[in-house]
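Numbering (the numbering used here), first residue to last: 739 to 1040. Yeah, the Cβ is synthetic: ideal placement off N, Cα and C, and Gly gets one too.
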């Protein structure tokens, strides 16, 4: 039982492991080597031998799209892990702190939020090198700020709820209150926000690859494929169609998996308090205590 009323969020969480399994398969198996050139089989149409056809160098298009999926999913996973870890840690710490510590944490989160993530990513990968892990870390460094600010706002709202204040009044430490009672109340909205933003992360990674950054130019990547095939868009539009379709599909799947927040909340009325106290491992006042319950316990006569 959660600490808060169920939020109106529809999720299909099974899509995340399904997408991870598909990415793992694509990483370790393709019908053909993605970079195998066959100039005698250029622009072959889709067939049983080549599911999506071949490109201008005779490379199997399905194999290249599959390899690009694995790389894009890895980059998105790195960014998601950084945003959740840094965002929740800094946001909860700011909500639980006071004075200069809170101000410093919020200024740090605001600085990360206003920095253009693409500019940060381009600068980092230009210095550290062009590979998928570096690109993922670079995008994560420019993306965690809004998650921290959201976590701080949600956590401060949750700290004002009766069941959280009751936990503190009964002697629970501030770290325990934040982890045991506040964190479960804000996760729904945090994950819904994450689902809304991960599609942009996938597009940002593709943009880095399109610019020749964030990916090894010698290996297939959806953004790099779009850049390479753009000159053939009118003669052979299918070359750009498939990597673009794969990118859009990943964005839609990530959004559907993590859900859309239609009003996540924590208990906000006195009627919610008894249930919240119970699920918070606290105890409501005993019914036989007339002072605590505010009612007369003597039996009525007449």
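Beta carbon of residue i nearer than 9 Å to that of residue j
i, j, result
"residue 842", "residue 958", "no"
"residue 939", "residue 759", "no"
"residue 964", "residue 975", "no"
"residue 943", "residue 792", "no"
"residue 892", "residue 829", "yes"
"residue 996", "residue 930", "yes"
"residue 883", "residue 832", "no"
"residue 905", "residue 895", "no"
"residue 834", "residue 915", "yes"
"residue 796", "residue 775", "yes"
"residue 856", "residue 936", "no"
"residue 803", "residue 984", "yes"
"residue 816", "residue 862", "no"
"residue 994", "residue 753", "yes"
"residue 821", "residue 859", "no"
Backbone secondary structure at residue i - three-state DSSP
i, result
"residue 798", "strand"
"residue 959", "coil"
"residue 922", "helix"
"residue 993", "helix"
"residue 901", "helix"
"residue 750", "coil"
"residue 910", "coil"
"residue 830", "helix"
"residue 787", "coil"
"residue 946", "helix"
"residue 981", "helix"
"residue 780", "coil"
"residue 1003", "Residue placement at residue 1003 is poorly supported in this model, since its pLDDT is 43, which falls under 50; the coordinates still yield a value, given next. Of the three classes helix, strand and coil, the one that applies to residue 1003 here is coil, per DSSP."
"residue 811", "helix"
"residue 929", "helix"
"residue 940", "helix"
"residue 775", "coil"
Assigned exposure category for residue i - 16 Cβ within 10 Å defines buried
i, result
"residue 987", "exposed"
"residue 838", "exposed"
"residue 960", "buried"
"residue 785", "exposed"
"residue 772", "buried"
"residue 888", "buried"
"residue 767", "exposed"
"residue 948", "buried"
"residue 908", "exposed"
"residue 825", "buried"
"residue 969", "exposed"
"residue 950", "exposed"
According to DSSP, residues forming a beta bridge with residue i
i, result
"residue 792", "798"
First and last residue of the uninterrupted alpha helix (DSSP H) at residue i
i, result
"residue 855", "855-866"
"residue 890", "883-897"
"residue 761", "753-766"
"residue 968", "No alpha helix (DSSP H) holds residue 968; DSSP gives it neither H nor E."
"residue 843", "837-852"
"residue 878", "870-879"
heavy atom of the ligand NAD below 8 Å from residue i C-beta
i, result
"residue 864", "Among the components modelled here there is no ligand, and therefore nothing to report on the ligand NAD."
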